[in-house]
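Counting along the sequence shown from 1, when you hit position 33 you're at 32 in numbering that gives the first Met the number 0, and nothing is skipped either side. Ideal Cβ placement from N, Cα and C applies to all residues, glycine included.
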Amino acid sequence: MSPRRCLLAVPAVVALGCFQDSTPQHSDFVPLDYQTTFQAVRTCRSVPAHGLVYLKVLANAVAAAPYTAGVSPLPSGSVLVGEHHADPSCNSLIDIYLMAKADPGYDVEAGDWRWQRLDANQRVLEDGHLQKCSSCHAQPPCTGFLCSPP
Ligand code: HEC
């Protein structure tokens with residue numbers, strides 16, 4: 000009798016589309032290398048309005064020059080990344096508050112800004128017409144929904 004070959008059937012369970020991935024997605028507004036490609040437009044400083052954090056602001060190429068020059072409103076395509084840090088030198092990232100200027104008509108009441116709250120890996124936790132952000136950024140001394148003094 001020849002030895003029986005025992006073939007183990009590998010269970011090929013193709014589970015495509017079986018469950019919804021609830022993992023937050025990386026923000027489309029933040030390239031992976033933004034820390035070197037975006038320009039730091041503000042020094043690190045404490046911002047009590049955002050909580051017990053220190054804020055460092057980086058701007059994309061569309062926003063950097065007009066933001067630095069105090070132009071208001073900023074052009075569509077502007078992205079401002081507000082990094083929250085735990086230390087006064089802005090070396091320990093906690094999370095990110097982001098503003099992206101959408102096309103005219105996106106949200107006229109809020110200056111057509113789109114708001115995002117991201118985790119430290121730039122994954123989106125909250126996105127869109129975030130009233131808790133825009134309502135405060137609508138008040139003086141903010142102008143054009145920008146609040147940072149020059
Ligand atoms: C209670 C008021 C308040 C709320 C709520 C608030 N902000 Fe701000 N934000 C400020 C102030 C004040 C500054 C400027 C502080 C400074 O530079 O001294 C600022 C600065 C910023 C900046 C830097 C750009 C600038 O000049 O405005 C970004 C980006 C930002 N906030 C995003 C957000 C997002 C996103 C949310 C919501 C998740 C949010 N903020 C909620 C008050 C607020």
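DSSP state of residue i mapped onto helix, strand, coil
i    : result
A63  : helix
A39  : strand
Q130 : helix
Q115 : strand
Y33  : helix
A137 : coil
V52  : coil
V107 : helix
Residue span of the beta strand (DSSP E) that contains residue i, given as start and end
i   : result
S84 : Reading off the sequence, residue 84 comes out as His, not Ser. 78-84 is the extent of the beta strand (DSSP E) around H84.
L97 : 92-100
Euclidean distance between Cα positions of residue i and residue j
i    : j    : result
E82  : R44  : 11 Å
S77  : A62  : 5 Å
E125 : I93  : 15 Å
L57  : R116 : 15 Å
L129 : S147 : 19 Å
T150 : Q38  : As shown, the chain starts at 0 and ends at 149. That puts residue 150 outside it, with no answer to give.
W151 : L97  : Lying outside 0 to 149, the shown extent of the chain, residue 151 is not represented and no answer is given.
A99  : H136 : 13 Å
Residue j beta carbon less than 9 Å from that of residue i
i    : j    : result
V29  : I95  : yes
S75  : E108 : no
L79  : V40  : yes
Y53  : S88  : yes
A119 : W112 : no
H31  : Q138 : The residue you asked about is not His; residue 31 is Leu in the sequence shown. Cβ distance not < 9 Å, so L31 and Q138 don't count as in contact.
T36  : N59  : yes
Member of the options whose CA lies at the smallest distance from the CA of residue i
i    : options         : result
A51  : A85, L145, C132 : In the sequence as displayed, the identity of residue 51 is Leu instead of Ala. The shortest C-alpha separation from L51 is found at A85.
Y105 : D27, G127, K55  : G127
P72  : H136, A48, G110 : G110
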